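The structure appears below as structure tokens.
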Amino acid sequence: MLRFLILLGVGVLLGIHILDTQADCNVCASKSNVACVSNTSFQFCSTNDLPFGPVYTCPTGYYCTANDAICNTNVALRSCIGCGSCNNNNTFACLTARTFSLCLGTSTPSQILGSCGANYVCDYNNPNICGSPSAGSQATCPGDTTETGLDPTGLTPTAYCSLVQQRGRFPYGIDLNTTCKQYIYCFLNATYWRGGLYSCPGQTYYDSSSHYCETEVPARCTYGVATLSLTIP
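Under my numbering, the residue at position 2 of the sequence shown is numbered 522, and the numbers go up by one with no gaps.
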């Protein structure tokens, strides 16, 4: 009985610690003074406890948390718990601020995608999937990293192009050594939108302004460098 009570006490303390290091998306954490805007990215906070400025990305395999270290490999400590995960009823999962995937009664998002209206956001806690911020709904995945308003890193290239429905090349990510060198090419095949992921050759990076691979590092890609120095002890 004593052993059971000790284990129960340890479990309660561990649960309190985990809850203490978690925070909602887009909410400034007191320990780190940053706000997670997705499972893997964050913004610094102003003196008014509001996220501002560029979006920084955690290294591959790390999750944004409310800890002092900001990024952690422990998935249980991530702040944006609902982002990319099926809701409690296994009906849908939010992928970006305005896009979602149906879960079809399972815990894994399917390839059946949809998007919310212009004035609505995907809300993990909303049974109707999309809700209006003016009515209290909060975007479960508020961090978007491209001019299209969609974060492509949570989607396949074809799924991304099906939602964007625009011909051309689009930036894939902001990590200097990996995704900054990549881009998605969208095209229309008969009546279906298709997409492919391509990489720039050598020491070149995809420039979203010129829509070509350039030797100069785009401004959006310098964030990956800053992230590494901030999050790795």
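For each residue, glycine too, the CB sits at the ideal point set by N, CA and C.
The structure displayed is predicted, hence computed values, not measured ones.
Buried or exposed for residue i, going by 16 or more other Cβ atoms inside 10 Å?
{"i": "alanine 555", "result": "buried"}
{"i": "threonine 616", "result": "buried"}
{"i": "serine 729", "result": "exposed"}
{"i": "asparagine 594", "result": "exposed"}
{"i": "proline 672", "result": "buried"}
{"i": "asparagine 608", "result": "exposed"}
{"i": "glycine 588", "result": "With the sequence shown as reference, residue 588 is identified as aspartate, and glycine is not the correct amino acid for it. Exposed, by the Cβ-count rule."}
{"i": "aspartate 569", "result": "exposed"}
{"i": "glutamine 563", "result": "buried"}
{"i": "alanine 655", "result": "exposed"}
{"i": "glycine 693", "result": "buried"}
{"i": "aspartate 727", "result": "buried"}
{"i": "alanine 679", "result": "buried"}
{"i": "threonine 665", "result": "Because threonine 665 sits at a pLDDT of 49, beneath the cut-off of 50, its placement in the model cannot be relied upon, and the following sentence gives the value as read from the coordinates. With 16 or more other Cβ atoms within 10 Å, it is buried."}
{"i": "serine 550", "result": "exposed"}
{"i": "threonine 735", "result": "exposed"}
{"i": "proline 647", "result": "exposed"}
Starting from residue i, trace the beta strand (DSSP E) in both directions and tell me its first and last residue.
{"i": "serine 561", "result": "561-565"}
{"i": "glycine 634", "result": "633-635"}
{"i": "tyrosine 718", "result": "712-719"}
{"i": "arginine 689", "result": "688-691"}
{"i": "leucine 708", "result": "702-709"}
{"i": "valine 554", "result": "554-556"}
{"i": "tyrosine 725", "result": "725-727"}
By the three-class DSSP mapping on this structure, what secondary structure does residue i have?
{"i": "proline 571", "result": "strand"}
{"i": "isoleucine 752", "result": "For isoleucine 752, the predicted model reports a pLDDT of 33, less than 50, meaning its position is unreliable; a value from the coordinates is still stated below. Residue state, collapsed to three classes: coil."}
{"i": "threonine 619", "result": "strand"}
{"i": "valine 595", "result": "helix"}
{"i": "threonine 585", "result": "coil"}
{"i": "cysteine 578", "result": "coil"}
{"i": "valine 737", "result": "coil"}
{"i": "alanine 613", "result": "strand"}
{"i": "serine 654", "result": "helix"}
Looking at the unbroken alpha helix (DSSP H) that takes in residue i, where does it start and where does it end?
{"i": "histidine 681", "result": "Sequence check: residue 681 is cysteine here, not histidine. Cysteine 681 -> alpha helix (DSSP H) spans 677-684."}
What do you reckon, are the CB atoms on residue i and residue j nearer than 9 Å?
{"i": "cysteine 681", "j": "tyrosine 703", "result": "no"}
{"i": "threonine 676", "j": "glutamine 631", "result": "yes"}
{"i": "alanine 659", "j": "asparagine 546", "result": "yes"}
{"i": "cysteine 741", "j": "leucine 708", "result": "no"}
{"i": "glycine 602", "j": "alanine 613", "result": "yes"}
{"i": "cysteine 548", "j": "cysteine 565", "result": "yes"}
{"i": "cysteine 661", "j": "glutamine 686", "result": "no"}
{"i": "cysteine 600", "j": "arginine 618", "result": "no"}
My guess is that residue i and residue j are in contact by the Cβ rule of under 8 Å, so how many angstroms apart are they, rounded?
{"i": "asparagine 559", "j": "cysteine 584", "result": "6 Å"}
{"i": "glycine 634", "j": "aspartate 643", "result": "Actually they do not touch by this definition, with Cβ atoms about 14 Å apart."}
{"i": "asparagine 610", "j": "serine 627", "result": "6 Å"}
{"i": "proline 574", "j": "valine 557", "result": "Not quite, the Cβ-Cβ distance comes to about 11 Å (not below 8 Å), so this is no contact."}
{"i": "proline 629", "j": "valine 641", "result": "Their Cβ separation, rounded to whole angstroms, is 17 Å, which puts proline 629 and valine 641 out of contact at 8 Å."}
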